[in-house]
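Colleague: Which chain is which? The protein sequence lines are A and B, in order.
Under the working numbering, the letters of the first sequence match residues 1 to 215, in that order.
Under the working numbering, the letters of the second sequence match residues 1001 to 1215, in that order.
Think of the CB as a built atom: it goes at the ideal place given N, C-alpha and C, for glycine as much as any other residue.
2 protein chains.
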Amino acid sequence: MTITITAFERSPDGGKGLARDTRVRWALEEVGQPYEVRLVSFKAMKEPAHLALHPFGQIPTYEEGDLGLFETGAIVLHIAQHHAGLLPDDANARARAITWMFAALSTVEPPILELANARLFERDKPWSAQRMPLVEERVRNPLGQLSRRLGGADWLDGAFSAGDLMMVSVLLRLKASGLLDEYPDLAAYVARGEARPAYKRAFAAQLAVNNPAAG
Amino acid sequence: MTITITAFERSPDGGKGLARDTRVRWALEEVGQPYEVRLVSFKAMKEPAHLALHPFGQIPTYEEGDLGLFETGAIVLHIAQHHAGLLPDDANARARAITWMFAALSTVEPPILELANARLFERDKPWSAQRMPLVEERVRNPLGQLSRRLGGADWLDGAFSAGDLMMVSVLLRLKASGLLDEYPDLAAYVARGEARPAYKRAFAAQLAVNNPAAG
């Protein structure tokens, strides 16, 4: 059955790979599954046809036969559970890899989203400069803890897994802020993720949509 | 094998059921699995023994034989995948229920956490009053979309599932803010969750720890 995902017709990041379809493309590349992409405009994302697939009017979505999914985490987990390459075979190791997916999305990403909100939507507010250190400190807390847990290993728990895919994807959002460089081991961890051939193919595919001249 | 979870020795909410161990207790009650609880002080949560189990120094954790998990979402998913009662049998319906778990944690909860940060840690800042409407609007966006999708149904996708368990748990955090009452259908959805016998047992169990006199 053909897998079809949705992506921005024009990503707000202009092709830096931060839109969430990159995470799904990366997962599909890791497991070697071909996929098609349907591009969606900002206008179409809020219309009934797309809302029927994604109640929050976002991308990516995932369609395969009768199945329609939204939420990047759920889509990556679905791919990882149905194709070899993103989860270990051992049941306990598998549960731990899934734990790192949730840690990326529910513990590490929320303060990063708060930082993005502060930078994107509150930059011109009178409190912006004074508040920013507070918001950055909320991001540093989990980064310091993550760095201690990684402890110089290549990946979070044994071989590369869907947990690393999600954690690297979340940390990638911090590159422009300079915060990632405060943790050289985490910056190296992210670079290891970016160096994977599957990531490179996913990145190139989204870049071809958003900035064809750069491809 | 005995299941052991961790919970706050004294929950910051004094027993209102908002600490995340309530979500895990609820899942275990829904599937009828007995469990033991190890209480952890704020001090012990940051010490090496607990950090080995939970790298971010939080509760809850989940131990069963050789398996040690953290992250509420991962723990609830693990319980739901290993015991009947929280996920449908049909593979597609199962994937959709898991999608709602991720939607609760990665789409609906992050702006609620930002609101909690604003109320808890920025209440005395000079920008607090002026900024609050902005933060509340970020919470309303997904609530409006969730309300439209629910469309008067009892649960998000057919029978009650782990997706509803997580969504109700996330929305419960909004009760004190008054925001939930702006969406009477979502308030009723949360009330349906709270009315489940398994939720009531979970709530009572955490209350017995945090406010024994109220029990």
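Nearest-angstrom Cα distance between P1055/B and E63/A?
Modeller: Computed Cα separation, rounded: 35 Å.
Colleague: Would a C-beta distance cut-off of 8 Å place L115/A and V135/A closer than the cut-off?
Modeller: It is a contact, given that the beta carbons lie within the stated cut-off.
Colleague: Apart from the five residues just before and just after R38/A, which ones in its own chain have a Cβ nearer than 7 Å to its Cβ?
Modeller: If we look at R38/A and ignore the five residues flanking it on each side, its Cβ neighbours are T4 and T6.
Colleague: Any C-beta of chain A sitting closer than 8 Å to the C-beta of L1039/B?
Modeller: No, its Cβ sits nowhere closer than 8 Å to a Cβ of chain A.
Colleague: Using a Cβ-Cβ distance under 8 Å, would S1169/B count as near chain A?
Modeller: It does not: the Cβ of S1169/B has no partner Cβ on chain A nearer than 8 Å.
Colleague: Just checking: is the beta-carbon of E36/A within a distance shorter than 8 Å of some beta-carbon in chain B?
Modeller: For E36/A, the answer is no, since every Cβ of chain B falls outside 8 Å of its Cβ.
Colleague: Using the Cα positions of A93/A and K1125/B, report the straight-line distance between them to the nearest angstrom.
Modeller: Whole-angstrom Cα-Cα distance: 45 Å.
Colleague: Out of A191/A, M1/A and G151/A, point me to the one whose CA is closest to G65/A's CA.
Modeller: Looking at the Cα atoms, M1/A is the closest of the given residues.
Colleague: Less than 8 Å between CB atoms is the rule here; does D1090/B satisfy it with respect to chain A?
Modeller: Taking Cβ atoms only, chain A never reaches closer than 8 Å to D1090/B, which makes this a no.
Colleague: Quick one: is R149/A near chain B, going by C-beta distance under 8 Å?
Modeller: At least one chain B Cβ lies under 8 Å of R149/A.
Colleague: For W127/A, go through chain B and note every residue whose CB falls closer than 8 Å to its CB, in chain order.
Modeller: Within 8 Å Cβ-Cβ: K1125, P1126, W1127, Q1130 and R1131.
Colleague: Do L146/A and L86/A count as a contact pair if the criterion is CB distance below 8 Å?
Modeller: No, Cβ-Cβ distance for L86/A and L146/A is not below 8 Å.
Colleague: Examine chain B for any beta-carbon lying closer than 8 Å to the beta-carbon of H83/A, and answer yes or no.
Modeller: No, its Cβ sits nowhere closer than 8 Å to a Cβ of chain B.
Colleague: Going by the beta-carbon positions, is the gap between P88/A and A159/A smaller than 8 Å?
Modeller: Going by C-beta atoms, P88/A is nearer than 8 Å to A159/A.
Colleague: Evaluate F8/A with the Cβ neighbour count: other Cβ atoms within 10 Å of its Cβ, from every protein chain shown; 16 or more gives buried, anything less gives exposed.
Modeller: With 16 or more Cβ atoms within 10 Å of its Cβ, F8/A is classed as buried.
Colleague: Rounded to a whole number of angstroms, what is the C-alpha to C-alpha distance between I1112/B and T72/A?
Modeller: Approximately 19 Å between the Cα atoms of the pair.
Colleague: Tell me, please, whether the region 199-210 of chain A touches the region 26-38 of chain A by the rule of three or more beta-carbon pairs shorter than 8 Å.
Modeller: Yes, since at least three Cβ pairs between the region 199-210 of chain A and the region 26-38 of chain A fall closer than 8 Å, the two stretches touch.
Colleague: Within 8 Å of any Cβ in chain A, is that where the Cβ of A1019/B sits?
Modeller: Chain A contact via Cβ: absent.
Colleague: Among residues of its own chain, excluding the 5 on either side of W1155/B, which ones have a beta-carbon nearer than 6 Å to its beta-carbon?
Modeller: These residues qualify, in order along the chain: D1164.
Colleague: Sort L105/A, L180/A and K175/A by Cα distance to K16/A and report the nearest one.
Modeller: With distances taken between Cα atoms, K16/A lies closest to K175/A.
Colleague: Would G1226/B pass as an interface residue toward chain A - the criterion being a Cβ-Cβ separation below 8 Å?
Modeller: Residue 1226/B falls outside the range modelled here, since chain B spans only 1001 to 1215, and no answer is possible.
Colleague: R1140/B lies in the alpha helix (DSSP H); which residues open and close that run?
Modeller: Segment S1128 to L1150, the alpha helix (DSSP H) holding R1140/B.
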